[in-house]
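Numbering (my numbering), first residue to last: 4 to 479. See structure below.
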């Protein structure tokens, strides 16, 4: 690096008129430590009537018309204010190198302020072509902080593009051409598509380019998103330290946001810093300029451009071809302004027709739903009756089964008794037969007896026994 490298390093910022007070604070604090350094403003706006370079910290103002942007009006219209200011940064680097052939160029966001000389930072250009600062230097310990910071930076980019340093070297120029090309075509705030302005592209730089250094000085690019791991001490009236090292530059972006309050990060040192910055911005015209809208926020008839108008124009190549200057409303009735309103009217008409059809379908649906509910109610009633009948049938079936069981038992008992009766009847028949036979024999015997008794012999025998009995009695 040359001995007078601080004089051959140029610094610039990029903004619109409403951020001029912040850019002035940046320039003032920069020139406090480096009064001879060249500081440029890339202005994505028309030059405000109150700006006089003799009274400004800017050594030059570069407007969009001075940058090599093809189809400038179309290009501007396709971008929001933030997208536009970040997309031109790569071209800003190249334009400054082209104009001044300086050794190095550094970009600072307009809401940064310098609190320490940049000599040590510039020494990094001795061995490196590209200087980057990460959002964070250390891992988070709390789960909420991991979500708020680490996961957030996976979405929006590892490196904070509030600072970027590039050397006027072969590798540096190669990087700037690549980056400016990507930003010209793909610098949109569209995280769902993997894009976040110019910042996400820088995640690829360590893979695509060499001679890169990641600056890990705790006093570089201090901001509310890394205060969880950077302890700030000191006082603005004397000197501010970060992790016991000098605060070099502080990034005031979102300094009053939720993060410092959520993690109770606002200590007296930071309070004094924020109060100082608020006062400095006020001195530089914050109250007046914060109310100024960007010139490119409006059609040339003064009507505000809606986000939807930009997005549709961005996506439709045919609209870009048909309306090369979408801001123009005065030179032809056939302009994008009128086309979009006709488009909106047709869209609303179609939406209205759809809504009417939808209402009709909803009414029809409600009517059918009522019919279905009525039928369902009838079905439920029939089901309830069916369930009652089924229960009654089951109960009667159970009773019938019980009676059948009893009947089967009686039938078995009847069969058993019938068998016994049959056996007894058989025995009775046998006995009757025997009795009958005996009766016949008895009758025969009685007949014989009767015949005997009536015979003369029987009578003689009877007399004999009588005589014998008498004789015996007399003998005794």
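Just so you know, even glycine gets a beta-carbon here, dropped at the ideal spot from N, CA and C. Quantities reported herein were computed from a predicted structural model and do not represent experimental measurements.
Helix, strand or coil at residue i [DSSP, three-state]
| i | result |
| --- | --- |
| residue 309 | coil |
| residue 8 | coil |
| residue 416 | helix |
| residue 18 | strand |
| residue 248 | strand |
| residue 238 | coil |
| residue 214 | coil |
| residue 64 | strand |
| residue 401 | helix |
| residue 154 | helix |
| residue 162 | strand |
| residue 198 | strand |
| residue 70 | coil |
| residue 301 | strand |
| residue 255 | coil |
| residue 177 | helix |
| residue 222 | coil |
| residue 288 | coil |
| residue 43 | strand |
| residue 425 | helix |
| residue 324 | helix |
| residue 50 | coil |
| residue 82 | coil |
| residue 35 | helix |
| residue 193 | strand |
| residue 295 | coil |
| residue 269 | coil |
| residue 333 | coil |
Classification of residue i by the beta-carbon crowding that lies within 10 angstroms, buried from 16 upward
| i | result |
| --- | --- |
| residue 351 | exposed |
| residue 450 | exposed |
| residue 195 | exposed |
| residue 262 | Note that residue 262 scores 49 on pLDDT, short of 50, meaning its location in the model is unreliable and no value can be drawn from it. |
| residue 330 | buried |
| residue 19 | buried |
| residue 41 | buried |
| residue 235 | buried |
| residue 142 | exposed |
| residue 412 | exposed |
| residue 380 | exposed |
| residue 112 | buried |
| residue 16 | buried |
| residue 202 | buried |
| residue 98 | buried |
| residue 7 | Bear in mind that the predicted position of residue 7 carries a pLDDT of just 43, short of 50, making it too unreliable to give a figure here. |
| residue 403 | exposed |
| residue 241 | exposed |
| residue 12 | buried |
| residue 401 | exposed |
| residue 3 | With the chain covering only 4 through 479, there is no way to say anything about residue 3. |
| residue 3 | The shown model of the chain, from 4 to 479, leaves out residue 3, and the question about it has no answer. |
| residue 365 | exposed |
| residue 435 | exposed |
| residue 32 | buried |
| residue 148 | buried |
Beta-carbon proximity check, residue i vs residue j, cutoff 8 Å
| i | j | result |
| --- | --- | --- |
| residue 223 | residue 161 | no |
| residue 115 | residue 244 | no |
| residue 72 | residue 46 | no |
| residue 79 | residue 70 | no |
| residue 1 | residue 215 | Because the chain in this structure spans residues 4 to 479, residue 1 falls outside the shown range and cannot be described. |
| residue 166 | residue 139 | no |
| residue 212 | residue 178 | yes |
| residue 119 | residue 159 | no |
| residue 164 | residue 205 | yes |
| residue 145 | residue 37 | no |
| residue 305 | residue 183 | no |
| residue 238 | residue 275 | yes |
The ligand ADP heavy atom lying under 7 Å from the CB of residue i
| i | result |
| --- | --- |
| residue 53 | This structure lacks the ligand ADP, and indeed carries no ligand of any kind. |
Whole-Å CB distance - residue i paired with residue j, under 8 Å assumed
| i | j | result |
| --- | --- | --- |
| residue 25 | residue 327 | Not quite, the Cβ-Cβ distance comes to about 34 Å (not below 8 Å), so this is no contact. |
| residue 107 | residue 125 | 7 Å |
| residue 190 | residue 86 | 5 Å |
| residue 232 | residue 257 | Rounded, the Cβ-Cβ distance is 17 Å, inconsistent with contact. |
| residue 323 | residue 316 | 7 Å |
| residue 303 | residue 332 | 6 Å |
| residue 313 | residue 83 | 7 Å |
| residue 90 | residue 187 | 6 Å |
Residue-chain proximity (residue i, chain C), Cβ-Cβ < 8 Å
| i | result |
| --- | --- |
| residue 130 | Included in the structure is just one protein chain, with no chain C present. |
Ignoring anything shorter than 4 residues, give me the alpha helix (DSSP H) runs that lie fully in the stretch 89-145, in order along the chain. 92-103 and 122-125
Which complete beta strand (DSSP E) runs does the stretch 340-413 hold, if anything under 3 residues is left out? none
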